[in-house]
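Q: Numbering (the numbering used here), first residue to last: 4 to 249. Ideal Cβ positions, reconstructed from N, Cα and C, are used throughout, including at glycine.
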């Protein structure tokens, strides 16, 4: 079996790229993201609901809730390996997409023990301003999601009830900036479930969330450059080489 990993900073379009490759290759997707395993943080973690690609098999490493606490990278890595092993009996190729630095660091470090061939696509930000605009737009959607979906503020308010997990909660990208914003404006985090920001507040908060994601994205990019993953493939070159291997 061949594993094609698609990695990159938050908001770069990994899920869309993985979906395109999965359609082309008839391959399932494994999401290498620890926070997207939390079903009660679906909006905050930008978890793909599968609504637009219902025909794709997208595997999350586990289904967790905030009450379960932080998902240790070593535990997530074992789950990733188990999922790969289970899929290897039915598929010639699997797409692994994600941006969890701690998880991918463990995964790439142990790649020599895997009985599979591997390649990596590293997606990079080519226009910082445009990328920040996309992150800001995404933050607005998180704060005011479509009908039927819980927003970031509501997810934070619900998560905050788990008082023993607040250190973990504050470490989630998007929550940290929101918590600081609430403290600055004297807004109790417990009240966020029913809090509707006015346009100026939403704009200010969306900018803070986008800035936090952008800063984390820069850390992700630097980390991926130093991980020494399998040979990196460009978008075109990667397609050709994958086809040859399959």
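Look at residue 12 and residue 188 and say whether their C-beta atoms are less than 9 Å apart.
A: Not a contact, by the Cβ cut-off of 9 Å.
Q: Is residue 94 helix, strand or coil when you go by DSSP?
A: In this structure, residue 94 counts as coil in the three-state DSSP scheme.
Q: I'd like the span of the beta strand (DSSP E) that includes residue 34, first residue to last.
A: Residue 34 -> beta strand (DSSP E) spans 32-34.
Q: May I have the straight-line CA-CA distance separating residue 159 from residue 220, to the nearest angstrom?
A: Roughly 21 Å between the two C-alpha positions.
Q: Might you give, ordered along the chain, the residues of its own chain that have their beta carbon closer than 6 Å to the beta carbon of residue 168, omitting 5 neighbours on each side?
A: Taken in chain order, the residues that qualify are 69, 72.
Q: Pull up the DSSP beta-bridge partners for residue 5, would you.
A: Residue 5 pairs with 96, 120.
Q: Looking at the structure shown, is residue 125 part of a helix, part of a strand, or coil, going by DSSP?
A: Three-state result, residue 125: strand.
Q: Should residue 215 go down as buried or exposed, given a rule of 16 or more other Cβ atoms within 10 Å for buried?
A: Buried, since its Cβ has 16 or more Cβ neighbours within 10 Å.
Q: Let me know the alpha helix (DSSP H) ranges lying completely inside the stretch 111-198, each 4 residues or longer, listed in chain order.
A: Whole alpha helix (DSSP H) segments, 4+ residues: 131-146, 155-163, 169-174, 178-188.
Q: Would you report the Cα separation of residue 94 and residue 66, rounded to the nearest angstrom?
A: Spanning the two alpha carbons is a distance of roughly 23 Å.
Q: Tell me the residue span of the alpha helix (DSSP H) that contains residue 20.
A: From DSSP, the alpha helix (DSSP H) with residue 20 extends over 17-28.
Q: Residue range of the beta strand (DSSP E) that residue 61 falls in?
A: Residues 61-63.
Q: Just to confirm the assignment, what range does the alpha helix (DSSP H) spanning residue 212 have?
A: From DSSP, the alpha helix (DSSP H) with residue 212 extends over 202-229.
Q: For the putative contact between residue 86 and residue 33, defined by C-beta atoms under 8 Å, what is the C-beta separation to the nearest angstrom?
A: Indeed, because the Cβ distance is near 5 Å, the residues count as touching under 8 Å.
Q: Give the C-beta separation of residue 171 and residue 47 to the nearest angstrom, bearing in mind that I take them to be a contact with Cβ-Cβ under 8 Å.
A: Wrong, their Cβ atoms sit about 13 Å apart, outside the cutoff.
Q: Should the stretch 197-206 be regarded as contacting the stretch 140-156, the criterion being three or more beta carbon pairs within less than 8 Å?
A: Judged by Cβ distances under 8 Å, the stretch 197-206 makes contact with the stretch 140-156, as three or more pairs qualify.
Q: With DSSP collapsed to three states, give me the class of residue 102.
A: Residue 102 falls in the coil class under three-state DSSP.
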